[in-house]
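The sequence shown maps to residues -27 to -1, 1 to 366 in mature numbering (1 follows the signal peptide of the UniProt record, and there is no 0).
Right, one structure below, let's go through it.
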Amino acid sequence: MHKRHLLRASAAAAALMALATTLPAMAQDNVFKIGLILPMTGQQATTGRQIEAAARLYMAQNGDTVAGKKVQLIIKDDTSLPDVTRRLAQELVVNDKVNVLAGMGITPSAMATAPLATQSKTPLVVMAAATSSITEASPYVVRTSFTLPQVSVALADWAPKNGIKKVVTLVSDYGPGIDAEKFFNQRLAFNGGQVTEALRVPLRNPDFAPFLQKVRDAKPDALFVFVPSGAGAAVMKQFLERGMDKAGIKLIATGDVTDDDQLNDMGDGALGVVTSHHYSAAHPSPLNKKFVEAFEKANKGLRPNFMAVGGYDGMRVIYEALKTTKGAGGGDALLAAMKGQVFESPRGPVFVDAQTRDIVQNVYLRKVERVNGQLYNVEFDVIKDVKDPGKAR
Ligand code: PHB
């Protein structure tokens, strides 16, 4: 009896399995799948939260049917561990047969996924990670975030003109930090300034205290900082607690530090901090005002940061490529349709360089100010159409 029951159950299971394999095959033609891999938990969780919210907003505003295909977003949490990113990407390509891979919260995740994009000819839209060399890791990478060389150089041009000659740099010890350190240093030296000491702090569980103590003792004109999105508030807190500002040391940074996701909680100590970056929630364009309003409305008042904009624009690049190709031609056709896109982003005008597959965009100098009771990065200067200087090697 028991055996017969089991047999019948396994026959039913086999039938179901057969159905399950034919159904997706039938549905496949009309579904366009985006495998969005993000850090939804762990140290980089704010990046995942921002990009997911932005991708969902883009779909809510633009519909989920494009060129007759139903767009399906499959979100996976890689906890920002590159081995997990690679495994999830593999599953998304092999099992889910995604048309596009996207996300990539940190550089090691993007680097771990790039070979798979190449092998499977799947476009990989990098929405967050920002080490210059990522686009060179696979011809299938297209980037909608930024690069650290792109934003660091502007600050090294600004600093010496504003009384800052001697600088200590403090960066997270991995790809983007090393890019920021190198390009800031070279450009500052070119402009007659000098990096007197280059400090690197671990990416995981950083303790800034001993590094900041060193900086205090060295008494440079300024401390230049890069830490990834999510870690800025801790740096700011410890900088202020040690009275570094009162000791006459200015804090200058890439906009990752005065991250719109955290800035408003940093307090008045953050006022006046000058940063360079490609996006501020306070960017004064009608398109950005609409974007910020819609994002905050859909997310209980959460302010979008630069990660959100990378995700939003990444979805735009994917949607437009799908429209152009009408869903035919596979990964290579999609990739070709992603290259060369020119459009207005909430950050300003952008261009996906067809040669490098990297984003060309304005870089802004900004100062933290209080506007309508809230802290914002207020733009005061712009360098237009900046290509990644990291590519000119
Ligand atoms: C990166 O890992 O490439 C990365 C992450 C967060 C940032 C910038 C770069 O804010």
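Quick reminder that beta carbons are idealized off the backbone N, C-alpha and C, glycines included.
Source: prediction; values computed, not measured.
> Span of the beta strand (DSSP E) holding Glu109?
Replying inline: Element bounds for Glu109: n/a, residue is neither H nor E.
> Is it a yes or a no for the stretch 268 to 287 touching the stretch 49 to 69, going by three-plus beta-carbon pairs under 8 Å?
Replying inline: Cβ pair count under 8 Å is below three, so no.
> Could you check where the beta strand (DSSP E) with Val6 kicks off and where it finishes?
Replying inline: Note on identity: in this sequence residue 6 is Lys, with Val being the wrong assignment. Element bounds for Lys6: Val4 to Leu11.
>> For Met100 and Gly321, which I take to be in contact (beta-carbon distance under 8 Å), what is that distance rounded to the nearest angstrom?
In response: The Cβ separation is near 17 Å, so there is no contact.
> By Cβ distance below 8 Å, which residues in the same chain neighbour Val71 in space, the five residues on each side in sequence not counted?
Replying inline: Lys6, Ile7, Gly8, Ile47, Leu65 and Thr95
> Using DSSP with H/G/I as helix, E/B as strand and the rest coil, what is Phe316?
Replying inline: Three-state DSSP puts Phe316 in a strand.
> With respect to the alpha helix (DSSP H) encompassing Pro201, which residues constitute its N-terminal and C-terminal limits?
Replying inline: Premise fails: Pro201 is in no alpha helix (DSSP H) and is neither H nor E.
> Would the C-beta of Ser202 count as close to the ligand PHB, meaning under 8 Å from any of its heavy atoms?
Replying inline: For the ligand PHB, a non-hydrogen atom lies closer than 8 Å to the CB of Ser202.
> For Tyr113, which of helix, strand or coil comes out of DSSP?
Replying inline: coil
>> Helix, strand or coil for Tyr147? Go by DSSP, reduced to three states.
In response: coil
> Where does Asn350 fall in DSSP's three states?
Replying inline: Residue state, collapsed to three classes: strand.
>> Based on DSSP bridge pairs, tell me the residues matched to Ile24.
In response: Bridge partners of Ile24: none, in fact.
> Between Ala294 and the rest of its own chain, which residues show a CB-CB distance below 6 Å, the 5 nearest in sequence each way excluded?
Replying inline: Apart from the 5 residues on each side of it in sequence, Ala294 sits with its Cβ closer than 6 Å to the Cβ of Leu307, Ala310 and Met311 in its chain, given in chain order.
> Rounded to a whole number of angstroms, what is the C-alpha to C-alpha distance between Lys49 and Glu109?
Replying inline: 25 Å
> When DSSP labels each residue in this structure, what does Val359 get in the three-state scheme?
Replying inline: Looking at Val359 - three-state DSSP - the assignment turns out to be strand.
> Considering Tyr337, what are the terminal residues of the beta strand (DSSP E) in which it resides?
Replying inline: Ile332 to Val344
> If we ignore side chains and look at the alpha-carbon of each, how far apart do His256 and Phe264 end up?
Replying inline: 11 Å
> Between Lys210 and chain C, is there a C-beta pair that is closer than 9 Å?
Replying inline: Structure shown: chain C not included; a single protein chain is present.
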